[in-house]
Amino acid sequence: AEAKAEEVKSRETNRAAAMEAEEFEAAEKAAAEEEATRQLTVDIGELREGLANVARIVNGPPGVSDLASDAAAAAAAAAALEEEIRQLSGRLQAVDNKQERHAEET
Numbered sequence: 025a026e027a028k029a030e031e032v033k034s035r036e037t038n039r040a041a042a043m044e045a046e047e048f049e050a051a052e053k054a055a056a057e058e059e060a061t062r063q064l065t066v067d068i069g070e071l072r073e074g075l076a077n078v079a080r081i082v083n084g085p086p087g088v089s090d091l092a093s094d095a096a097a098a099a100a101a102a103a104a105l106e107e108e109i110r111q112l113s114g115r116l117q118a119v120d121n122k123q124e125r126h127a128e129e130t
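Numbering-wise (our numbering), the sequence shown opens with residue 25 and increments by one.
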């Protein structure tokens, strides 16, 4: 009977130790999950910051190529305006010459 009682006590001790081990493993798992969640939150924050930086770059002030393109367009527009002014000056001169001739004839 004593051996039986020792065996029962040993089983109970083993069962208690197993339960403690399971609780310890569960606590470790929960702590690991908590740390993983914290790290994911940090990673998500860093990704959001990176996306915000990309958005600032894309939507930010014009870059060198944009400025160069704008300058080229402005130069082309200025050249077109200069040509138009030259043509209009030529027409104006022709009208002035015609008026002078008409005035001389009358």
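Beta carbons: idealized from backbone N, C-alpha and C, even for Gly. This one's a predicted model, so the numbers in the text were calculated from it and none came from an experiment.
query                                                                                                                                           : result
Between which residues of its own chain and Arg110 is the CB-CB distance below 6 Å, once the five residues before and five after are set aside? : none
Roughly how many angstroms lie between the CA atoms of Ala100 and Ala118, to the nearest whole one?                                             : 27 Å
Ends of the alpha helix (DSSP H) at Gly114?                                                                                                     : Val88 to Glu129
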